[in-house]
Structure formats: C-alpha cells, structure tokens
Amino acid sequence: MGDFVLIPAPFFLSVKFGQNWGGIMRFLLRFFVFGLFISIVFYTESIAQAQDATLFTKYQDEKRQANTNTVTIISSSLASAYARFAEDLQNVLDDPKTNDVRVLPILGRGGGQNVLDILFLKGIDMGFVDQDNLAYFKKKEPALFANIEQRIHYIAKIGHQEFHVLTKSGVNSIEELRGKKVNFLKVLSASHLASENFFSILGINVEPTFYDHDLAVEKIKSGEIAAAFRTVAAPVPAFSNIKDTDGLKLLPLDSSTLPAGGYEKLLAIYLPAVLRNEDYPGVIAKGEPLPTLANSTVLAVYTWPENTDRYQRLAKFVTKFFTNIEKFRTGPRHPKWKEVNLAAEVPGWNRFKPAQQWLDANRGAETASSNELKVAFDSFLKEYSKASGSSDLTKVQKEALFGQFVKWWQTQKPQQAAR
Numbered sequence: 039m040g041d042f043v044l045i046p047a048p049f050f051l052s053v054k055f056g057q058n059w060g061g062i063m064r065f066l067l068r069f070f071v072f073g074l075f076i077s078i079v080f081y082t083e084s085i086a087q088a089q090d091a092t093l094f095t096k097y098q099d100e101k102r103q104a105n106t107n108t109v110t111i112i113s114s115s116l117a118s119a120y121a122r123f124a125e126d127l128q129n130v131l132d133d134p135k136t137n138d139v140r141v142l143p144i145l146g147r148g149g150g151q152n153v154l155d156i157l158f159l160k161g162i163d164m165g166f167v168d169q170d171n172l173a174y175f176k177k178k179e180p181a182l183f184a185n186i187e188q189r190i191h192y193i194a195k196i197g198h199q200e201f202h203v204l205t206k207s208g209v210n211s212i213e214e215l216r217g218k219k220v221n222f223l224k225v226l227s228a229s230h231l232a233s234e235n236f237f238s239i240l241g242i243n244v245e246p247t248f249y250d251h252d253l254a255v256e257k258i259k260s261g262e263i264a265a266a267f268r269t270v271a272a273p274v275p276a277f278s279n280i281k282d283t284d285g286l287k288l289l290p291l292d293s294s295t296l297p298a299g300g301y302e303k304l305l306a307i308y309l310p311a312v313l314r315n316e317d318y319p320g321v322i323a324k325g326e327p328l329p330t331l332a333n334s335t336v337l338a339v340y341t342w343p344e345n346t347d348r349y350q351r352l353a354k355f356v357t358k359f360f361t362n363i364e365k366f367r368t369g370p371r372h373p374k375w376k377e378v379n380l381a382a383e384v385p386g387w388n389r390f391k392p393a394q395q396w397l398d399a400n401r402g403a404e405t406a407s408s409n410e411l412k413v414a415f416d417s418f419l420k421e422y423s424k425a426s427g428s429s430d431l432t433k434v435q436k437e438a439l440f441g442q443f444v445k446w447w448q449t450q451k452p453q454q455a456a457r
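Residue 39 is where the sequence shown starts when you use the working numbering, and the numbers rise one by one after that.
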C-alpha cells in the first residue's frame, strides 16, 4: 500500500469550483447553516427530553403519594349499615389537608361475599363482616379455608346486627317454620349465612328463598312464604314501616319459642339482644321488649406481611381510627358507633397486631361507665331476664347487652331532662 497524501482544503475546493471563490463561500455558508440547524435540532430535542423526564418524575411522585396512605374498605349496598360505617370512617378520618390517611369506601355485596373479597379481590384491605362468617366458610370448604383466621384478622367490633324473624301474627315458635319457605335475603348476604347457621344449629330444615326484603314481606302477607329472616342493625326502616294492621309480627327468640336446648346452643355463638317498641312500633307492643339474638359486626382486615407498604398503611389507619373514636360517637354518625368498645374481643378471631399494640399502649383510654349508668344497666338486665327467661349471662353476652342499653339510655336522657 502506498503512503497517504493530504490534500489541502483550498486545493480540493479549487479543484471542485476552479477559481470561483464566490462558489466556495456559498458552499461554506451552506455547510455552516446546515451544521447550525443540526445543532439546534439536537439541542431542542435534549430540552424536550429533559422536560419529559421532569414531568415523568413528577407524575411518579404524584402517583406514589396518592397510594402511600390510601386504604380500601368494602361495605355493602347504599341502604346498609355497612355502607354507612364506611362513609363515617371516610368523613372522620380522611383529611385532604394532611392526606395522612385516605379512606376509600367500596360498595360490595356485603355479608360472606365481603370475606371472599378481602381474601381474593385485588386491592381490598378491609371490610365489614359478621362474627360467624369465618366459621361458616371453614365448615363449607375446610381445605380452602383451613387457616382463614390467620389470613383475616379483626381491627374492632362495630356493634351488633339483631336477628329479625318476621312472620304472620299466628306463628308462635320457630318449630312452626319446619319444612316451610323462609326468606334469607340475598345469596351470601349476612342474613343468608346467619339464617343457614341458625336453622342448622336448631336442626330445623326449611326451604330457603332469596327475595329482596320488600318482596318477601308481600309474600308473607299472601302466604307464599312463612317468614323472613334478616340480620340488620336495629332500627331499620324496612321493619319500622310495617303497620300493626298488616297482620305481621317479629317472633321473639328465647327458650319459649326455640326447641329445647336450642337457645343455649345459639348463645354459644350469638349474643342476647332486645328489640323495643321504640324501634318498631308497628310490630312490638309498648312496654314489652322483644328478646332476640344478635351477631357481632367486625371491621376485618387482610393480614399483609409486616414488611409491606399495605401493612404500614393499615397501621396508620388503625392509629388514627382509634385515636379519634370519640368523634364517631357524636354528630351525624350511625348510632351503632355509640356501642363500640375498642377493647371488646371477638371469639374465634385474632386481633390485628397494630390494633392490639394500640390497645396495650392506651389502657384506660376507654373510660368506665358512671355509677348512674351502671345502676340503670343492672335494672335493664333484670328487665331482659324477665322478658327472655334467661338469667345466666356470660361476660361477652352482658357486654353485648350493655351496648344496646347505652343506645337506649342516650335516647332517654333528653326525656329525663325535660321532666
């Protein structure tokens, strides 16, 4: 190979353009302008990329912030107590100014479906369910739900849902419903699960139907079905609107209306309760409290691993919820909040660790009742024992009745002050 020879640019240009220096200058000018254009294009592109990167970073920051403190709660239909509980939690705890906790309520199907949604539905942290729901699923599918009590814990017990057994006036015992059609409300609803468990414990076979409440009432009147069984936080308009001329009644649930030994079996799971004329004037006589049973409603939570963001969000929620519990007992909140005792335990359930830690650190935060309230409650217990024929109540059962009594007592205080 020969040696390379460098040819000076002026000679090269003179070969290309001859002695036409004007052409040379025009060529150089065009070359310069083209280079400048390319530089501007690359510079503009780099600025755009930098701006895009800044916007993307801001977008990611906003997205991260929106999810940092957000927790979800699945409830039930708008007309349910579950939905009202969830709305109250949002209204009290969700502060846009601090954004330290954001509560996102979700309307669900309620009842047992909420248990399944907490377990399996992506994005669900908590939900309102009934105390007997875990046992129901363990019994139905032991293999699938063998360790359900380890996967779902409870934060707190949120009041009770009383059993309402609506029948024609001529029905006087549960035994009379054997082999007949009884409405259980929606499939997998709280009423469905409790009804199925109730009749199973008593050994009474009935034919379940799944009509909405209003339709079920019409079918009782027409004689197409014998009764409607529903668990719901009393009072509820669906029963309050029934007139004494409708020929319907709420069946008392105690040792006199249940098969022999049945009441005691049910009290091993459910709690004693009382419905009053003030709740349902159309179906309960004045001065004659109606004994019944109640299921505990709990705020259940999925047990995320402790090292996850979801767990930390829920821990923040628990702290703010428990710290602000008094705000739920005043103002336009559901009356069941007045019954809430954060320290109340739920048999068969495990407490969510952050909730237990808060309770351990705040012993005595839930103040004891006054002497006046205690004396009045003792009188209430005597009244209940007389109505139900039951005097031997456990600590948990008395606690349940105390919640109901507090609700009634608070309605009486204004009347006493006016006398």
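Idealized CB from N, CA, C, for every residue including glycine.
- Contact between H198 and N333 is confirmed by a C-beta separation of about 7 Å, below the 8 Å threshold.
- The closest CA to that of D138, considering only P385, N379, R351, is found on R351.
- Straight across, the Cα-Cα distance linking V130 with F366 is about 7 Å.
- In this structure, the CA atom of Q151 is about 10 Å from the CA atom of S113.
- Sequence-distant Cβ neighbours of K358 in its own chain, meaning closer than 8 Å and more than five residues away, are L131, D138, V139.
- For S233, the CB contacts under 6 Å within the same chain, skipping 5 residues up- and downstream, are F222, F267 in chain order.
- Residue burial annotation: V153 is buried, with at least 16 other C-beta atoms found within 10 angstroms of its C-beta.
- By alpha-carbon distance to Y301, the top candidate from Y340, G148, A181, G241 is G241.
- A contact between stretches requires three or more CB pairs, one per stretch, nearer than 8 Å, and the stretch 278-295 meets this requirement with the stretch 319-328.
- For D168, the uninterrupted beta strand (DSSP E) segment begins and ends at 164-168.
- I212 is a Cβ neighbour of T295, given a cutoff of 8 Å.
- Taking each of N400, W387, L116, P392 in turn and checking the Cα distance to D170, the smallest one comes out for W387.
- The Cβ neighbour count for P275, taken over all protein chains shown within 10 Å, is under 16; the residue is labelled exposed.
- The C-beta distance from V167 to V336 rounds to 6 Å, short enough to fall under 8 Å.
- Shown here, H191 sits in a strand according to DSSP, grouped into three states.
- Boundaries of the beta strand (DSSP E) around T269: 265-270.
- Around P297, the same chain offers I212, E213, L240, G241, I242 as residues with beta carbons nearer than 8 Å, after the five sequence neighbours per side are excluded.
- Every beta strand (DSSP E) of 3 residues or more that sits fully in the stretch 118-146 is shown, in chain order, as 140-144.
- Closest by C-alpha distance to F237, out of D250, V312, K178, G217, is G217.
- In terms of Cβ geometry, I196 and L157 do not form a close pair [threshold 8 Å].
- Cα atoms of A124 and S77: separation of roughly 59 Å, rounded to the nearest angstrom.
- Pairing I263 with K219 gives a Cβ-Cβ distance under 8 Å.
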